[in-house]
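Notes for the one structure printed next.
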Amino acid sequence: MNVREAVRRRRSVKRFTSRAVSRDEIEGLLELAVLAPNHRMTQPWGFWVLGPETRRAYGRIKGERRAGKVEDPKAAEAVRRKTEVEMESLPALVAFTQRLDEDPEVREEDFATVYMGMQSFLLGAMAVGLGTHVKTGRILDEPETRRALGVEDDERIVALVHLGEPEDIPDSKPRVPAAERTRWLP
Ligand SMILES: Cc1cc2nc3c(=O)[nH]c(=O)nc-3n(C[C@H](O)[C@H](O)[C@H](O)COP(=O)(O)O)c2cc1C
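Each residue of the sequence shown is one higher than the last, beginning at 0 in numbering that gives the first Met the number 0.
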């Protein structure tokens with residue numbers, strides 16, 4: 000699959016098959032992530048590959064948050080359990096982290112480079128028949144999430160990436176044509 004095709008066919012995948020993703024596959028994709036453009040070569044990224052135990056712990060935290068929005072205690076418990084199982088059953092879950100530089104300008108560039116590496120990871124996954132889904136949100140900054148993953152004080156969890164063989168491929172979401180957002184300057 001060439002790059003154009005990978006970009007065109009990439010989707011945020013919601014459901015994965017039970018096929019396991021191997022350590023070799025993940026390592027191969029992370030080797031692509033570290034090739035991202037990186038101003039000053041700060042290489043601020045870290046990759047935390049969550050095993051089943053950590054995925055379950057994360058699922059518990061996520062489930063608790065979801066359950067907090069449900070009034071009925073039985074329904075809340077069901078939400079808790081469902082979320083825990085959902086996270087534990089993911090074929091793979093990788094947290095992309097950023098080491099936080101003291102200089103805000105560097106920090107912003109570093110955030111961008113982590114995402115560029117993530118995009119290479121996503122496209123590389125496409126090329127080997129794997130699907131991905133980027134997940135963010137306040138939960139990533141919560142002390143309990145940081146504790147569950149063992150993230151250091153000078154690091155930020157930028158995003159979690161779900162990875163696995165797609166059960167189905169979601170439809171493409173419409174985009175505003177690039178031409179409508181492009182200004183050709185003299
Ligand atoms: C920075 C970033 C954060 C995202 N966070 C979430 C998220 O927390 N939950 C979610 O379901 N999707 C998340 N997404 C996925 C987007 O919802 C998805 O990319 C968008 O709907 C377009 O769909 P597509 O990726 O299939 O083209 C995130 C995407 C990006 C780039």
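Don't be surprised by glycine CBs; every beta carbon is placed ideally from N, CA and C. Being a predicted model, the structure only gives us computed values, none of them experimental.
Simplified DSSP state of residue i, which is helix, strand or coil
| i | result |
| --- | --- |
| threonine 96 | strand |
| isoleucine 156 | strand |
| lysine 68 | coil |
| threonine 82 | helix |
| serine 11 | strand |
| valine 186 | In this structure the chain extends from 0 to 185, so residue 186 is not present and cannot be described. |
| alanine 35 | coil |
| leucine 49 | coil |
| valine 175 | coil |
| leucine 28 | helix |
| glycine 149 | coil |
| leucine 162 | strand |
| threonine 181 | coil |
8 Å Cβ shell around residue i - same chain, five flanking residues per side excluded
| i | result |
| --- | --- |
| threonine 135 | Val157, Ala158, Leu159 |
| valine 84 | Gly58 |
| aspartate 153 | Arg98, Leu99 |
| proline 51 | Glu87 |
Of the listed residues the options, nearest to residue i (C-alpha basis)
| i | options | result |
| --- | --- | --- |
| histidine 132 | Glu87, Leu122, Arg155 | Leu122 |
| arginine 8 | Leu29, Pro176, Pro165 | Pro165 |
| serine 171 | Ala74, Ser11, Glu4 | Ser11 |
| leucine 49 | Thr41, Thr144, Arg14, Glu101 | Thr144 |
| glycine 62 | Arg80, Asp102, Pro72, Thr41 | Arg80 |
Same chain, Cβ closer than 6 Å to residue i, neighbours up to 5 away in sequence not counted
| i | result |
| --- | --- |
| arginine 22 | none |
| valine 113 | Trp44, Phe95, Gln97, Val157 |
| alanine 75 | Ala66, Val69 |
| tryptophan 183 | none |
Sub-8 Å separation of residue i and residue j beta-carbons
| i | j | result |
| --- | --- | --- |
| leucine 139 | leucine 162 | no |
| alanine 94 | tryptophan 44 | no |
| alanine 32 | methionine 117 | yes |
| leucine 28 | alanine 124 | yes |
| threonine 53 | leucine 148 | yes |
| glutamate 24 | valine 150 | no |
| lysine 13 | proline 142 | no |
| valine 105 | threonine 41 | yes |
Same chain, Cβ closer than 7 Å to residue i, neighbours up to 5 away in sequence not counted
| i | result |
| --- | --- |
| serine 202 | The requested residue 202 is not part of the displayed model; the chain covers only 0 to 185. |
| arginine 64 | Ile138 |
| methionine 115 | Ala35, Pro36 |
So, does the region 12 to 31 touch the region 80 to 95, judging by three or more C-beta pairs under 8 Å? yes
Taking one C-beta from the region 37 to 45 and one from the region 92 to 112 each time, how about it: are there three or more such pairs within less than 8 Å? yes
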